[in-house]
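Shown next, in structure tokens, is the structure this report addresses.
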Amino acid sequence: MDRGRPEDFLQQLKAAEQADGQPGRGRLKIFFGYAAGVGKTYAMLEAAHEAKKAGIDVVCGYIEPHQRPATTALLDGLEVLPLKRGIYHGIELSELDVDGVLERRPRLVLVDELAHTNAGFCRHQKRMQDIEELLRAGINVYTSVNVQHIESLNDKVAAITGVIVRERIPDEIFDRADQVELVDIEAEELLERLQAGKIYRNPEQAMQGFFFKENLTALREIALRRMAERVSHRESSRQVPIDEHILIGLSSSPTNANVIRTAARLATAFNGRFTALFVEPPGYANMLPEDKARLAENTRLAQSLGAKVATAYGEDVAWQIAEYVKQAKVSKVVLGRSTTKKPFWSRSRTFSERLIELVPRLDIYVIPDSNSTEYVPDRHLKGRQEFFGQRVKDMAVVAASLLACTGLGMGLRSLDMNVESVLLLYILMSLAPALLTSSWVYSLFVSVGSVLLFNFMFSEPLYTFEVYDAGYPVTFAVLFIVSLTVGFLTRKVKRQAELASRKAYSMEILLETASLLQQAEDVAGIYRVTAKQLNRLLDKPVLIYPQDNFQPVYVEGIDTDNGAWEKQRIYEELTARDEQAVAAWVLRNNKHAGAGTGTLPGSKCLYLAIRSGSRVMGVVGVGLYDARLESFENNMLISILSSCAMALEKERQRTKRRNVEVKARQEELRSSLLRGISHDLRTPLTTIMGNAELLQQDGFGLDEAKKQEVCRDIAEDAGWLISMVENLLAVTRIQGGTMQIRQEPEVLSDIVQAAISHSGKRLAAHPVKVELADEYMMVKADSRLIIQVLMNLLDNAVKYTPAGGAIRISAVEKEDWVQIDVSDSGHGVDDKLKATIFDSFVTGKAYRADSRRGLGIGLSLCRAIVEAHGGRIEVLDNTPQGAVFRFTLPLVELG
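Using UniProt numbering, read the sequence shown as starting at 1 and increasing by one per residue.
As structure tokens, then:
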């Protein structure tokens with residue numbers, strides 16, 4: 001098979017970087033072989049030298065020390081990075097230093113042995129996770145792997161060689177690699193190299209265990225076939241739409257792993273979807289710990305092989321799978337052949353026969369187990385364990401039920417009631433163990449005990465196990481069957497009710513979360529809802545680290561009965577520096593880490609990214625310690641995090657729209673400001689220039705009175721310009737929070753007279769009437785600012801009141817406030833403008849500065865000053881005509 005040219009891969013690296021303008025995600029090249037010694041590391045080092053000649057920055061991150069002279073010689077001329085050293089189980093080991101590579105940031109790094117398991121002092125459990133982190137950082141990687149390390153081929157290799165390989169990689173890594181180069185030599189040549197000592201120092205031991213010609217030939221064929229499948233899969237994924245859907249059932253059976261790998265190979269061959277379905281039975285909570293651990297391991301295996309894990313609930317597994325097949329449009333189901341021995345009296349159909357009956361047109365593949373070990377299901381183990389354990393609590397329930405029933409029966413007998421009533425009492429009492437105990441075994445005890453006690457206590461002759469009435473044996477049999485059946489049915493209903501309650505509670509939380517997230521007003525509210533709902537769902541401590549402020553600011557579920565000190569200790573434990581470092585790693589790499597994962601598994605929390613697409617918006621930590629999340633809990637957790645991410649993205653878009661609207665409004669205000677200023681400046685400046693030219697040209701011809709009039713006009717127009725600029729600056733300072741307001745007790749009449757005096761000539765054409773309820777009325781105000789308010793209101797009244805129209809200033813006390821009115825007799829304010837009259841650049845004629853003189857800034861300044869004093873301002877209609885501008889100030893009580 002064509003090994004491909006190294007220069008092709010180098011050109012791809014350069015083209016990718018030139019296209020993106022930045023490194024982006026790194027590219028992965030795998031040197032693939034069928035056994036140790038075929039030359040993978042040698043070929044990788046040769047390719048590294050080719051890359052270095054092409055001008056690419058190459059370093060060796062980790063090269064397996066094979067002690068092979070030809071391979072070691074190729075390290076000359078290449079930069080070798082220091083390894084990470086540490087003590088693990090009393091042995092000093094060397095591993096790839098991921099942080100060292102990230103700090104060095106080469107364009108290409110060589111990392112040998114892709115399937116290697118790291119020592120406990122490393123960040124990741126597997127070297128493939130180290131390589132994935134380097135790829136995400138934009139660093140290109142060369143690595144190597146053998147065919148026996150590919151997950152889906154593990155059982156095949158074990159069947160051929162008799163060796164179960166523990167270090168494996170998911171097929172997805174192999175299939176998604178940018179380039180795979182097959183390093184291939186003949187099996188005879190490999191054996192010659194082995195005998196010559198070029199592979200291992202002790203070739204005889206290797207030849208006795210693994211290196212047989214038949215084994216090597218079979219492994220070579222598997223490797224060649226896997227390469228062909230990879231090429232076919234990559235081509236078909238680009239061209240052929242996916243229409244096949246492969247399903248397997250997850251279980252705790254040891255043979256389930258073989259079924260999963262077979263289904264994964266089938267999904268690859270058909271280019272189809274792959275789903276692993278776990279049917280959770282009612283007694284799942286009582287499953288043995290080792291069975292739960294095996295189920296979790298099988299679940300991780302399915303996920304690593306690209307399966308989507310789904311969960312159904314019910315006691316009839318075949319029916320649940322059949323229903324899922326119909327709803328999910330599954331085309332093929334892969335089953336394992338059961339190794340459980342059935343009782344000789346059992347005539348029931350096999351699982352596959354039931355499935356065929358429920359879904360007749362379904363393709364079913366039954367996979368035999370090559371190891372053929374008998375497996376006893378966990379429910380049998382559990383029942384047997386409880387049977388022999390005879391737990392005190394459950395046995396007490398059984399004894400109490402039988403004693404209570406017998407006592408009541410004796411009471412009924414003393415009342416001369418029929419024996420049949422006692423029979424019904426025993427049947428009724430069979431409900432108690434079904435509801436209160438943990439196993440069907442205790443229902444069996446009650447049924448047997450009921451028959452024996454009824455025979456001994458209530459059938460003639462009394463207090464013996466002899467029977468006179470020939471019909472009693474039938475009665476005893478009926479009593480036993482009915483009580484046992486009632487117990488079983490009651491237990492089944494109880495389990496189904498518990499399961500339905502659990503599902504209903506979880507769905508209630510999920511729906512409630514969606515509703516609460518929609519009601520959340522901001523990002524902080526979204527995070528609070530998410531933390532609270534996750535804590536309710538999982539009953540575990542939950543921490544959320546927002547992206548913008550990376551601190552655990554949203555914490556739920558750290559409750560304890562041992563007081564505040566214990567609560568603080570748990571909080572500090574979950575938010576320690578090491579824990580925050582794991583959360584920061586998740587934020588940076590967009591991958592889950594922590595407890596129960598392969599990355600930093602020693603953490604106390606499981607950390608997951610809250611993400612929208614590839615964008616991480618925050619990190620959630622769930623305090624697991626040594627526990628694990630069940631499949632259903634994990635699915636619900638991901639659903640809530642997805643809802644949280646959608647809510648955060650929606651809020652981000654809403655904020656973005658608000659910012660766009662604010663910018664558009666600012667641009668509109670800026671345009672209005674420029675239009676208003678240009679007109680407002682032009683009119684007084686034109687007057688000033690005209691008067692100045694008059695003085696310059698005809699100054700000697702004007703009498704003294706005329707000169708004084710012209711000078712006063714110039715001074716008034718200049719003063720008006722200064723006032724307008726001061727208004728603009730005042731509004732800016734108040735709205736920006738930079739103006740200091742000094743509120744002191746002031747006599748209101750003094751403020752009013754000062755405002756009238758400053759308005760000067762502008763009030764000459766209008767009589768001004770002042771009416772104060774109390775001449776010595778005092779307000780708490782900054783006098784210079786309130787004078788500015790009154791001047792602006794008087795200026796506005798003059799502007800819109802015809803010459804000769806009266807202007808009135810009045811003030812009255814209203815509880816703790818002084819109500820001040822500035823009234824005019826002009827045309828009034830249109831009702832449509834009243835709501836916006838105090839906005840910037842709004843005048844009495846238009847919403848924005850227009851062709852009239854008047855920028856519209858004065859009323860906006862009035863509102864800003866009054867509200868800064870704690871008061872309010874409004875515009876009302878005057879009677880019979882005109883407008884009333886009313887504002888309030890705090891009253892100062894005298895004496």
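Glycine is no exception: its CB is placed at the ideal position from the N, C-alpha and C atoms.
Quiz item: Over what stretch of residues does the alpha helix (DSSP H) that includes A158 continue unbroken?
Solution: In the DSSP assignment, A158 falls within the unbroken alpha helix (DSSP H) covering N154 to T161.
Query raised in the report: Do you know whose CA, among A581, K663 and P541, lies nearest K567's CA?
Result: It is P541.
- Enumerate in chain order the residues of its own chain whose CB-to-CB distance from T801 is below 8 Å, with the five nearest sequence positions on each side excluded. Closer than 8 Å at Cβ, skipping near neighbours: H766, I807, D824, S825, G826 and G882.
Could you name each continuous beta strand (DSSP E) segment of 3 residues or more that falls completely within the stretch 805 to 833, going from the start of the chain to the end?
Fully enclosed beta strand (DSSP E) runs of 3 or longer: 807 to 814 and 817 to 824.
Report the residue ranges of all beta strand (DSSP E) runs contained in full by the stretch 250 to 293; include only those spanning at least 3 residues, in chain order. Runs of the beta strand (DSSP E) lying entirely within the stretch 250 to 293 and spanning at least 3 residues, in chain order: 273 to 280.
By DSSP's criteria, E572 is part of a beta bridge. Which residues make up the other side?
Residue pairing for E572: DSSP places it in no beta bridge.
Exercise. Is it a yes or a no for the stretch 30 to 48 touching the stretch 83 to 91, going by three-plus beta-carbon pairs under 8 Å?
Worked result: No: the two stretches stay apart, fewer than three of their Cβ pairs being nearer than 8 Å.
Compute the beta-carbon to beta-carbon distance between V325 and V359, rounded to the nearest angstrom, for a pair I have assumed lies under 8 Å.
About 5 Å; that satisfies the 8 Å criterion.
Quick check on V81: does DSSP put it in helix, strand or coil?
Going by the sequence as given, residue 81 is Leu instead of Val. It is coil, neither helix nor strand.
- Supposed contact pair E716 and K761 - C-beta distance, whole angstroms, cut 8 Å: About 6 Å separates the Cβ atoms of K761 and E716, confirming a contact at the 8 Å cut-off.
Margin query: Beta-carbon within less than 8 Å of D363's beta-carbon, same chain only, minus the 5 sequence neighbours each way: which residues are those?
Written below: S331, K332 and V333.
| query | Considering only residues of the same chain and omitting the five flanking positions on each side of L266, which have a CB-CB separation below 6 Å? | reply | Same-chain partners within the cutoff: I246.
- For L793, which of S860, S501 and L772 has the nearest alpha-carbon? The shortest Cα separation from L793 among S860, S501 and L772 belongs to S860.
- Beta carbon of A115, beta carbon of I169: below 9 Å? Contact annotation: A115 and I169 have beta-carbon atoms nearer than 9 Å.
Could you tell me if C605 is buried or exposed, where buried requires 16 or more neighbouring beta carbons within 10 angstroms of its beta carbon?
-> It counts as buried.
key: Test item: CB-CB of R166 and T217 under 9 Å   = No, Cβ-Cβ distance for R166 and T217 is not below 9 Å.
Separation of A584 from V317, as counted between CA atoms: A direct Cα-Cα distance of roughly 42 Å separates V317 from A584.
Report task. Name, in chain order, the residues that DSSP records as bridge partners for S94. Result -> Paired residues: R85.
Exercise for review: Report all residues from its chain with a CB closer than 7 Å to the CB of residue 897; omit the five preceding and five following residues, and keep chain order.
Suggested key: What is shown of the chain runs 1 to 895, which leaves residue 897 out entirely.
Point to revise | When S759, S642 and H592 are compared against G613, the one with the closest alpha-carbon | key: G613 has its Cα closest to that of S642, out of S759, S642 and H592.
Closest residue to D795 among E775, Y365, S603 and V822 (Cα-Cα distance)
Answer by Cα proximity: V822.
C-alpha distance - F488 paired with D539, whole-angstrom precision: Each residue's Cα considered, the two are about 31 Å apart.
Checklist entry - What is the DSSP secondary structure of K308, reduced to helix, strand or coil? => result The answer is strand: DSSP assigns K308 an E or B state.
On the DSSP letters alone, give me the boundaries of the alpha helix (DSSP H) that P63 sits inside.
For the record, residue 63 in the displayed sequence is Ile; it is not Pro. For I63, there is no enclosing alpha helix (DSSP H), as DSSP marks it with neither H nor E.
_With 16 other Cβ atoms within 10 Å as the buried cut-off, status of I199_ = Buried is the call here.
Worksheet item: Which one of V180, A645, L702 and L499 has the shortest CA to CA distance from Y284?
Response: Of the candidates V180, A645, L702 and L499, the one whose C-alpha sits nearest the C-alpha of Y284 is L499.
Count the other CB atoms, across all protein chains shown, that sit within 10 Å of the CB of T888; report buried if there are 16 or more and exposed otherwise.
-> Buried, because 16 or more other Cβ atoms sit within 10 Å of the Cβ of T888.
### Query
So, is C711 buried or exposed, given that buried needs 16 or more other C-beta atoms within 10 angstroms?
With fewer than 16 Cβ atoms within 10 Å of its Cβ, C711 is classed as exposed.
| How would you label G162, buried or exposed, when you count the other beta carbons within 10 angstroms and need 16 or more for buried? | Of the residues assessed, G162 falls on the exposed side of the cut-off, its CB having fewer than 16 other CB atoms within 10 angstroms.
Cβ-based burial, Q320 [other Cβ within 10 Å; buried from 16]:
Residue burial is scored here from C-beta neighbours: Q320 has at least 16 other C-beta atoms within 10 angstroms and is therefore classed as buried.
Next item on the list: Quick one: give me the first and last residue of the alpha helix (DSSP H) that G407 is part of.
Entry: V392 to S414 is the extent of the alpha helix (DSSP H) around G407.
Please report the distance separating the alpha-carbon of R337 from that of V366.
Roughly 6 Å between the two C-alpha positions.
request  = Return the chain-ordered list of same chain residues with a C-beta closer than 6 Å to the C-beta of A846, the five sequence neighbours on each side being excluded.
outcome  = Note that A846 scores a pLDDT of 44, beneath 50, so its modelled location is shaky; the value from the coordinates is reported in the next line. The beta carbon of A846 sits closer than 6 Å to none of the beta carbons in its chain outside the five residues before and after it.
Open item on the list: Using CA atoms only, rank isn't needed, just tell me which of M128, L702 and R658 is closest to D171.
Closed with: Considering only alpha carbons, the answer is M128.
query: In angstroms, rounded to a whole number, what distance separates the CA positions of L305 and A119?
result: Rounded to whole angstroms, L305 to A119 spans 24 Å at the Cα level.
*Where Y527 and Q533 are concerned, what is the direct C-alpha to C-alpha distance, given to the nearest angstrom?*
Annotation: Y527 to Q533 spans about 10 Å, alpha carbon to alpha carbon.
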